[in-house]
């Protein structure tokens with residue numbers, strides 16, 4: 001199998017998608033991977049308007065996602081590396097080593113799967129498919145449940161991988177309607193992702209999905225505070241207790257303090 | 261009107277209705293428009309949206325043969341299952357639009373304009389999926405419909421609810437519901453794209469290797485991908501576990517739209533299999549996936565039962581939105597998943613009886629979910645229909661699939677029945693002791709509330725389907741002479 005420039009771009013995009021936690025770099029990885037994909041699709045889409053459609057789709061999706069992330073970052077509170085659990089140097093090195101090791105294993109696995117299980121089509125197309133699909137799946141598994149940008153990029157990348165395999169295995173060149181529908185679907189997907197990021201940002205002041213799932217699971221409840229009151233006023237004689245401040249009507253004789 | 265025009269308009273009529281509704285809804289926001297006139301514009305927008313759906317139903321009912329459009333390179337054809345399921349799906353979308361109009365004043369729901377536009381768009385996409393003879397295009401149309409449903413689930417509420425950790429309990433509850441809604445929408449998008457990818461790749465493999473006898477392994481792989489893709493896309497277990505968030509928190513309109521797209525996904529899945537020679541592919545061996553799905557749905561229902569007891573013990577009533585508590589939402593999700601499991605068994609069984617039963621179950625999902633989502637009083641009828649109890653519409657389909665399962669040995673039939681029995685037991689235990697409340701006073705209030713009278717009409721329709729099931733089955737049997745269905 002020849003290692004061509006499109007395959008290198010797809011591999012580079014896949015590596016960045018797995019290893020990078022910066023949202024802007026994740027989107028850059030998606031764009032790099034998509035350029036490689038369009039290049040790889042060129043012979044398969046010969047004689048159809050497929051290549052310009054693919055390029056326009058890539059640019060439109062990247063623009064939608066990029067502008068959304070740029071606006072969210074510009075708004076402030078949320079940092080691009082908000083999901084990094086710790087800023088300690090040791091943890092960052094171990095984290096990066098772990099991610100790069102996974103990327104290496106994924107690369108070897110993709111190459112091996114393409115050689116061992118030929119589904120049809122050229123081996124290069126199959127390697128390209130696995131090098132798009134596996135990093136996308138890992139992006140979803142490793143961080144997709146916490147980081148919506150990786151979730152969106154991973155889903156788009158998965159859609160790209162499926163379409164590459166469809167184009168590679170199909171007996172005939174894709175028709176105009178198929179090209180148009182696949183492009184519209186991915187642009188709609190990018191728009192839905194961007195809308196959801198803005199929705200999360202405006203509702204929860206953060207892009208971290210942990211807040212969302214904590215809310216869903218009821219882990220964030222009403223404000224609970226420690227209140228120090230006279231025992232007799234609430235009918236406790238032998239012990240103090242932690243109670244909801246909104247259950248107490250403070251009077252002049254009670255000194256209540258509360259802290260979050 | 262020529263055949264080509266009929267096919268074209270059956271897809272574009274709802275889109276035209278949505279476009280007209282969108283223009284009217286944009287116009288009604290102009291400050292220059294007097295208030296009284298603006299209300300009329302909204303009403304005309306509602307009628308345009310409903311008219312688009314009605315025109316599609318009328319056209320689908322009379323369509324015959326096929327049509328080719330080149331460009332853009334698409335062939336459309338009508339089959340009996342596609343005709344039936346599109347009519348049922350449009351009834352569900354009709355209910356979605358009416359429910360949206362009813363819930364206009366609810367600040368936690370998105371404005372009705374979302375539904376007036378998205379329901380007809382979903383209808384067009386579902387029509388494209390069911391009528392297209394090209395498998396990949398059908399799968400992409402289905403994915404578009406799934407995105408449309410997700411957009412409805414993710415739509416912003418009428419009143420923004422900025423997150424604040426100092427909120428009081430009511431606002432926390434509203435925030436929790438919003439979080440569930442967003443989580444459900446995100447999961448629905450992810451699973452839809454995964455299912456679409458599996459269906460697309462499976463379709464290509466099947467098309468490539470269906471007539472290549474030297475490479476049977478890749479044909480089997482293609483069929484396996486189609487089967488798994490169908491389960492993911494139609495929301496069978498274990499992939500339906502994510503649906504509880506959507507069912508509890510999403511607006512009823514989104515759920516009615518989901519109830520419209522699931523049956524079409526099932527029927528399109530069946531149509532994807534039909535050109536493959538069943539005996540060649542040993543397709544019948546995959547039917548057990550549906551039985552296991554139904555069994556898992558039953559197990560999850562028992563889990564919901566335990567959850568409900570915990571809630572009762574804690575004295576917490578977390579009934580929100582359209583009146584579904586968390587255990588109820590879980591149980592409803594599992595009830596739909598159990599019915600989907602029966603239908604998947606029918607599709608994958610490779611028998612004509614099973615396939616016809618699966619189509620009838622798919623129709624019934626579209627017609628009974630809006631009942632379950634309507635007024636609380638009618639919910640038991642919707643649940644009973646989904647469980648396949650007589651004298652409602654789900655009975656005939658369940659009987660046919662049960663016969664098909666019995667022909668393959670008693671084991672799968674026992675597992676299917678056990679799954680449904682566990683779901684039914686969950687509902688019985690949950691509803692025992694809970695009183696039905698009627699918040700609508702007087703006949704005028706009931707007559708004017710779509711949440712009340714639409715379910716009644718649908719229950720009448722269910723009984724009609726039960727009574728005329730043999731005629732439906734006869735028509736479907738005429739279609740069922742396809743290569744995939746080799747067993748009687």
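Chains as they are written, first to last, in the numbering used here: chain A, 1 to 260; chain B, 261 to 748. Built from N, CA and C at the ideal position, the CB exists for glycine as well. Keep in mind it's a predicted model, so treat the numbers as computed, not measured.
Collapsed DSSP secondary structure at residue 649/B in the structure displayed:
coil
In terms of DSSP beta bridges, what is residue 312/B paired with?
Residue 312/B pairs with nothing; no bridge assigned.
Between residue 41/A and residue 10/A, is the Cβ-Cβ spacing less than 8 Å?
no
Just how far apart, CA to CA, sit residue 189/A and residue 412/B?
14 Å
For the beta strand (DSSP E) that residue 327/B lies in, which residues bound it at each end?
326–329
Would you grab the beta carbon distance between residue 488/B and residue 458/B for me? Rounded to a whole angstrom, and I think it's under 8 Å.
6 Å
Are the CB atoms of residue 407/B and residue 309/B nearer to each other than 8 Å?
no
Quick one: which chain A residues come within Cβ less than 7 Å of residue 450/B?
155
Output the distance between the C-alpha atoms of residue 224/A and residue 433/B, rounded to the nearest integer angstrom.
Confidence at residue 224/A is low in this model, with a pLDDT of 48, below 50, so its placement is unreliable and no value can be given for it.
For residue 526/B, which residues of its own chain have a beta-carbon under 6 Å away from its beta-carbon, when the five flanking residues on both sides are left out?
494, 603 and 622
Find out if the Cβ-Cβ distance for the pair residue 396/B, residue 166/A is shorter than 8 Å.
yes
Determine whether the beta carbon atoms of residue 557/B and residue 597/B lie at a separation below 8 Å.
yes
Residue 47/A by DSSP, collapsed to three states: which one?
coil
Unbroken alpha helix (DSSP H) runs of length 4 or more, entirely within the stretch 507–535 of chain B: which are they?
512–533
Proximal chain A residues relative to residue 507/B, where beta-carbon distance stays under 8 Å
Within 8 Å Cβ-Cβ: nothing; residue 507/B doesn't reach chain A, min ~14 Å.
Given a limit of 8 Å on CB to CB distance, which residues of the stretch 378–407 of chain B reach chain A?
394, 396, 397, 400, 401, 403, 404 and 407
Spell out the partners DSSP gives residue 194/A in its beta bridges.
Answer is none; residue 194/A lacks a bridge partner.
Taking residue 273/B as the reference, give the member of 555/B, 712/B, 477/B and 313/B with the closest Cα.
313/B
In angstroms with no decimal places, state the Cα-to-Cα distance between residue 744/B and residue 476/B.
16 Å
DSSP bridge partner residues for residue 392/B (one or two, in chain order):
336/B
Which of the three DSSP states, helix, strand or coil, is assigned to residue 262/B?
coil
Nearest-angstrom Cα distance between residue 161/A and residue 324/B?
37 Å
Could you say if the stretch 512–521 of chain B and the stretch 347–361 of chain B meet the contact criterion of at least three C-beta pairs nearer than 8 Å?
yes
Taking the DSSP output, what are the residues bridged to residue 611/B?
747/B
Within-8 Å CB hit, residue 331/B to chain A:
yes
For residue 78/A, which residues of its own chain have a beta-carbon under 7 Å away from its beta-carbon, when the five flanking residues on both sides are left out?
Residue placement at residue 78/A is poorly supported in this model, since its pLDDT is 48, which falls under 50; the coordinates still yield a value, given next. 72, 201, 206 and 207, listed in sequence order.
N-terminal and C-terminal residue of the alpha helix (DSSP H) that residue 489/B is part of
476–494
Taking Cβ positions only, does residue 91/A come closer than 8 Å to chain B?
no
Pull up the CB-CB distance for residue 520/B and residue 626/B, whole angstroms please, since I reckon it's below 8 Å.
6 Å
Does the structure place the stretch 435–444 of chain B close enough to the stretch 455–469 of chain B that three or more beta carbon pairs sit under 8 Å?
no
Can the beta-carbon of residue 507/B be found closer than 8 Å to that of residue 593/B?
yes
Rank 179/A, 196/A and 197/A by C-alpha distance to the C-alpha of residue 50/A and give the top, closest one.
179/A
Would you call residue 381/B buried or exposed, if buried means 16 or more other Cβ atoms sit within 10 Å of its Cβ?
buried
For the alpha helix (DSSP H) that residue 108/A lies in, which residues bound it at each end?
89–116
From 612/B, 383/B and 532/B, pick the residue whose C-alpha is nearest to that of residue 316/B; which is it?
383/B
Which residues of the stretch 115–134 of chain A have a Cβ closer than 8 Å to any Cβ of chain B? Give them in chain order.
119 and 120
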